[in-house]
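S.K.:
Residue numbers (the UniProt record's numbering), protein chains in the order written: chain A, 1 to 367; chain B, 1 to 310.
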């Protein structure tokens with residue numbers, strides 16, 4: 001068993017300039033055995049600190065951390081049976097790739113044959129065989145990345161920790177390495193904890209995702225759940241590209257009244273919004289739920305708006321169209337089959353079947 | 001660099017009057033500014049060097065020097081005093097430079113993990129003695145080595161129930177005494193260099209090593225030491241050059257004695273030049289010493305050089 005468990009873990013930093021600063025606040029969660037868990041959030045949200053606490057590079061201020069079935073609260077990194085891939089790879093610059101990959105096993109005084117065998121196995125998995133006698137500086141970014149992963153594989157740890165490992169690669173290589181990491185996870189059947197600020201990386205890699213903001217865990221869920229049922233406005237606004245649109249309004253009967261439009265709420269949803277009748281709400285609409293009515297077989301009877309389009313961005317198969325509702329700018333992701341023009345009025349259908357309502361005070365999802 | 005780049009371009013161009021005028025219009029001021037230090041350099045370094053080289057083939061006299069070819073060099077090779085001085089210099093170098101580098105590294109390793117304020121304190125504390133003149137330091141050491149019970153070292157020996165030692169007056173201990181001075185001497189500059197180099201090693205390497213189960217010793221041996229190699233090489237080359245030229249301590253403390261026990265090559269040069277006025281011989285000694293220093297430096301660079309890049 002190689003699950004990782006946080007129980008009421010907090011981490012505070014003492015900074016000369018900023019004073020006391022809580023990086024992680026009362027985090028409780030379990031990373032299951034063989035799970036690919038991604039920590040995502042804006043910079044300074046506490047995701048890297050969480051990872052470093054698992055590694056033992058930071059000591060938690062309070063709370064308990066378990067790896068497998070034992071507490072590692074005070075254990076040294078080497079006693080935690082983990083391996084880590086650093087953001088800057090942290091390859092030893094004066095050692096060859098072979099030496100880099102075998103350094104950990106040498107420190108553990110493992111027999112030479114075993115070290116050689118493990119290094120060549122890892123090198124084969126990552127196609128590094130021809131590079132073993134080179135120094136890190138002779139390798140490209142992608143190759144260095146692989147060596148860093150190889151150094152982790154060789155140790156055969158219970159848990160792999162990745163700290164923004166793809167952030168130094170160019171976009172194309174990042175996509176390729178993403179696939180390789182995904183494959184590697186299946187192949188090794190290992191528990192992986194992965195930190196990133198890139199929500200696309202999080203969505204594509206994670207079996208589950210921890211969304212963090214300002215030291216607080218916002219939601220822990222599968223990528224699909226996070227997207228379909230975000231717990232609050234932060235998660236809704238962070239996951240998805242472009243992010244969810246928010247429009248302020250008031251719930252009156254079966255209608256959300258915004259400054260400009262009256263949008264009809266589907267019957268089946270009304271029950272869970274009962275408490276908010278007559279109150280201020282925030283309506284959440286995903287960009288893809290803004291649809292050019294020309295794409296629809298029958299003209300819808302309601303929830304059609306006719307805004308002036310301010311900007312059209314071409315993404316090939318899709319347009320990103322920007323328009324205003326009141327003071328808020330709304331973005332729609334619309335198939336590019338029909339031409340759309342800037343500064344013209346277009347009829348757009350708002351798919352309220354997929355709407356979400358939030359409480360404007362608590363920012364939590366309603367229902 | 002700009003100028004050299006330009007001039008190499010100029011070389012490819014035809015060498016015409018217009019090009020030359022343009023060149024001086026573009027870069028004339030650069031050369032004008034460089035000229036001042038170049039003149040000083042030629043006057044006070046190149047000229048004496050050339051003259052010394054000429055003297056080394058002459059029997060020097062103010063009234064008229066006499067060419068004697070390689071005689072100065074030949075007599076050096078036959079001189080037991082010169083070889084004794086060479087041996088002293090070599091022993092002094094081997095016994096001081098590597099040990100002092102290790103002492104410096106050890107001190108830097110102790111200071112590096114401290115917080116900023118303590119680091120600053122220790123940097124200053126170790127650097128300040130280096131500001132004191134060598135003569136003053138030597139005078140203090142004369143007191144420490146005083147052969148009577150008034151000397152610090154002998155007082156300590158006395159306290160421990162050991163016999164007093166004639167530190168500087170005994171040929172067996174005189175050179176060792178000079179060596180001992182360097183161990184307790186100024187490590188400040190080296191500490192600063194090492195601390196700066198240690199600060200330049202990415203922290204993540206040590207974190208990776210922690211995860212790689214590296215012990216304190218393994219991290220020192222496999223990460224810190226190899227990555228400090230450029231600094232160590234610098235200290236080694238500079239240390240060897242300085243110690244081959246050691247003069248001040250031998251001059252102030254022992255006058256090269258007793259019985260040539262602390263006569264170094266530099267001290268011998270001084271003796272020949274300024275006490276017996278054999279400038280030709282002294283010049284020849286200088287060139288032999290210079291030649292040896294160059295060879296040793298080249299060897300050090302060859303064996304120690306590394307190209308580390310993060």
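Note that CB positions come from ideal geometry on N, CA and C, so glycine has one too.
(1) If we require 3 or more residues per run, which beta strand (DSSP E) segments fall completely within the segment 268 to 304 of chain A?
(2) From the beta carbon of residue 174 of chain B, is the nearest beta carbon of chain A less than 8 Å away?
(3) Given a limit of 8 Å on CB to CB distance, which residues of the segment 339 to 361 of chain A reach chain B?
(4) Put residue 204 of chain B into one of helix, strand or coil per three-state DSSP.
(5) Name the chain A residues that come within less than 8 Å of residue 202 of chain B, Cβ to Cβ?
(6) Starting from residue 300 of chain B, trace the alpha helix (DSSP H) both ways and give me its first and last residue.
(7) Shortest alpha-carbon distance to residue 107 of chain B belongs to which of B:168, B:120 and B:191?
(8) Going straight from the alpha carbon of residue 63 of chain B to that of residue 176 of chain B, what length do you get?
(9) Please look up how many angstroms separate the CB atoms of residue 84 of chain A and residue 161 of chain A, rounded, as I've assumed it's under 8 Å.
(10) Closer than 8 Å, CB to CB, is residue 82 of chain A near chain B or not?
(11) Going residue by residue through the segment 90 to 142 of chain B, where are the continuous alpha helix (DSSP H) segments of at least 4 residues, counting only ones entirely within it?
(12) Using a Cβ-Cβ distance cut-off of 8 Å, determine whether residue 207 of chain B contacts chain A.
(13) Assuming residue 23 of chain A and residue 13 of chain A make a contact with CB atoms under 8 Å, what is their CB distance in whole Å?
(14) Can you pull the chain A residues whose beta carbon is under 7 Å from the beta carbon of residue 226 of chain B, in chain order?
(15) Enumerated in chain order, which unbroken segments of the alpha helix (DSSP H) with a length of 4 residues or greater are wholly contained in the segment 7 to 55 of chain B?
(16) What residues match up with residue 22 of chain A in a beta bridge as DSSP calls it?
(17) Does the distance from the C-beta atom of residue 244 of chain A to that of residue 285 of chain A stay below 8 Å?
(18) Can you list, in chain order, the residues of its chain whose CB lies under 6 Å from that of residue 66 of chain A, leaving out five sequence neighbours each side?
(19) Would you list the one or two residues that DSSP bridges to residue 348 of chain A?
(20) Just checking: is the beta-carbon of residue 107 of chain A within a distance shorter than 8 Å of some beta-carbon in chain B?
(21) Does residue 219 of chain A come out as helix, strand or coil in the three-state DSSP assignment?
(22) Report the partner residues of residue 161 of chain A according to the DSSP bridge assignment.
(23) Would you check if the distance between the CB atom of residue 69 of chain A and the CB atom of residue 7 of chain A is smaller than 8 Å?
(24) Use the C-beta contact count for residue 199 of chain A: other C-beta atoms within 10 angstroms, 16 or more gives buried, fewer gives exposed.
(25) Check whether the segment 212 to 231 of chain A and the segment 248 to 263 of chain A touch, using three or more Cβ-Cβ pairs below 8 Å as the test.
(26) Taking Cβ positions, are residue 51 of chain A and residue 97 of chain A nearer each other than 8 Å?
(27) Between the Cα of residue 134 of chain A and the Cα atoms of A:99, A:276, A:366 and A:221, which residue gives the shortest distance?
(28) Say whether the segment 254 to 266 of chain B touches the segment 25 to 34 of chain B, bearing in mind that this needs 3 or more beta-carbon pairs closer than 8 Å, one atom from each stretch.
(29) Can you pull the chain D residues whose beta carbon is under 7 Å from the beta carbon of residue 196 of chain B, in chain order?
(30) Please confirm whether residue 309 of chain A and residue 344 of chain A have their CB atoms less than 8 Å apart.
(31) Which residues in the same chain as residue 149 of chain A place their Cβ atom closer than 8 Å to its Cβ, once the five residues preceding and following it in sequence are excluded?
(32) Rounded to a whole number of angstroms, what is the C-alpha to C-alpha distance between residue 316 of chain A and residue 142 of chain A?
(33) What is the C-beta distance between residue 303 of chain A and residue 263 of chain A, in whole angstroms, given that I count them as a contact (C-beta under 8 Å)?
(34) My understanding is that residue 34 of chain A touches residue 189 of chain A, with C-beta atoms under 8 Å, so please give their C-beta distance in whole angstroms.
(35) Quick one: Cα of residue 289 of chain A to Cα of residue 349 of chain A, how far?
(36) Identify the continuous beta strand (DSSP E) that holds residue 328 of chain A and give its terminal residues.
M.R.: In short, the structure shows the following:
(1) If we require 3 residues or more, the beta strand (DSSP E) runs fully inside the segment 268 to 304 of chain A come out as 280 to 285 and 290 to 292.
(2) Walking along the second chain from the start, residue 174 of chain B turns up at place 174. Residue 174 of chain B does not count as touching chain A.
(3) none
(4) On the second chain, position 204 is the one that residue 204 of chain B refers to. Of the three classes helix, strand and coil, the one that applies to residue 204 of chain B here is helix, per DSSP.
(5) Position 202 of the second chain holds residue 202 of chain B. Ordered by position in chain A, the residues that pass the 8 Å Cβ test against residue 202 of chain B are 88 and 90.
(6) Along the second chain, one-based indexing puts residue 300 of chain B at 300. Per DSSP, residue 300 of chain B belongs to the alpha helix (DSSP H) from 279 to 304.
(7) Here residue 107 of chain B refers to the residue found at position 107 of the second chain. Looking at the Cα atoms, B:191 is the closest of the given residues.
(8) Reading the second chain from its first residue, position 63 is the one you call residue 63 of chain B. Reading the second chain from its first residue, position 176 is the one you call residue 176 of chain B. Those two C-alpha atoms are separated by around 43 Å.
(9) On the first chain, residue 84 of chain A is found 84 positions in, with the first residue counted as 1. On the first chain, residue 161 of chain A is found 161 positions in, with the first residue counted as 1. Contact flag correct, Cβ pair sits at about 4 Å.
(10) Numbered from 1 along the first chain, position 82 holds the residue referred to as residue 82 of chain A. Taking Cβ atoms only, chain B reaches closer than 8 Å to residue 82 of chain A, which makes this a yes.
(11) 116 to 131
(12) Within the second chain, residue 207 of chain B is the residue found at index 207, counting from 1. Yes, because at least one Cβ of chain A sits closer than 8 Å to the Cβ of residue 207 of chain B.
(13) Taking the first chain and counting its residues from 1, the one referred to as residue 23 of chain A is at position 23. Taking the first chain and counting its residues from 1, the one referred to as residue 13 of chain A is at position 13. Confirmed, Cβ separation roughly 6 Å.
(14) In the second chain, counting from the first residue as 1, residue 226 of chain B sits at position 226. Listed along the chain, the chain A residues whose CB falls inside 7 Å of the CB of residue 226 of chain B are 94.
(15) 17 to 41 and 47 to 55
(16) Numbered from its first residue, the first chain carries residue 22 of chain A at position 22. Residue 22 of chain A is bridged to A:12.
(17) What you label residue 244 of chain A is simply residue 244 of the first chain in a count that begins at 1. What you label residue 285 of chain A is simply residue 285 of the first chain in a count that begins at 1. In contact: residue 244 of chain A and residue 285 of chain A (Cβ atoms closer than 8 Å).
(18) Mapped onto the first chain, residue 66 of chain A falls at position 66. Here the set comprises 5.
(19) The sequence position of residue 348 of chain A within the first chain is 348, counting from 1. Its beta-bridge partners are A:292 and A:305.
(20) Walking along the first chain from the start, residue 107 of chain A turns up at place 107. With 8 Å as the cut-off, residue 107 of chain A counts as an interface residue toward chain B.
(21) Stepping through the first chain from its first residue, residue 219 of chain A is reached at position 219. Three-state result, residue 219 of chain A: strand.
(22) In the first chain, the residue the question calls residue 161 of chain A occupies position 161. In the DSSP output, where bridge partners are listed per residue, residue 161 of chain A has A:84 and A:193.
(23) Counted from its first residue, the first chain places residue 69 of chain A at position 69. Counted from its first residue, the first chain places residue 7 of chain A at position 7. Going by C-beta atoms, residue 69 of chain A is not nearer than 8 Å to residue 7 of chain A.
(24) Translated into the one-based positions of the first chain, residue 199 of chain A becomes position 199. Residue 199 of chain A comes out buried.
(25) no
(26) Counting from 1 along the first chain, the entry for residue 51 of chain A is found at position 51. Counting from 1 along the first chain, the entry for residue 97 of chain A is found at position 97. For residue 51 of chain A and residue 97 of chain A, no; Cβs fall outside 8 Å.
(27) Reading the first chain from its first residue, position 134 is the one you call residue 134 of chain A. Considering only alpha carbons, the answer is A:99.
(28) no
(29) Included in the structure are the protein chains A and B, with no chain D among them.
(30) Start at 1 with the first residue of the first chain, and residue 309 of chain A comes out as number 309. Start at 1 with the first residue of the first chain, and residue 344 of chain A comes out as number 344. Closer than 8 Å, so yes.
(31) Against the first chain, residue 149 of chain A aligns to sequence position 149. Same-chain partners within the cutoff: 85, 126, 165, 181 and 184.
(32) Residue mapping note: residue 316 of chain A aligns to position 316 of the first chain, counting from 1. Residue mapping note: residue 142 of chain A aligns to position 142 of the first chain, counting from 1. Approximately 28 Å between the Cα atoms of the pair.
(33) Residue numbering aside, residue 303 of chain A sits at position 303 when the first chain is read from its first letter. Residue numbering aside, residue 263 of chain A sits at position 263 when the first chain is read from its first letter. Their Cβ separation, rounded to whole angstroms, is 5 Å, which keeps residue 303 of chain A and residue 263 of chain A in contact under 8 Å.
(34) Within the first chain, residue 34 of chain A is the residue found at index 34, counting from 1. Within the first chain, residue 189 of chain A is the residue found at index 189, counting from 1. For a cut-off of 8 Å, the C-beta gap from residue 34 of chain A to residue 189 of chain A is around 6 Å, short enough to register as a contact.
(35) As a first step, residue 289 of chain A must be located in the first chain, where it is residue number 289. As a first step, residue 349 of chain A must be located in the first chain, where it is residue number 349. Distance between the alpha carbons of residue 289 of chain A and residue 349 of chain A is about 8 Å.
(36) Sequence index remark: in the first chain, residue 328 of chain A carries index 328 (1-based). From DSSP, the beta strand (DSSP E) with residue 328 of chain A extends over 328 to 335.
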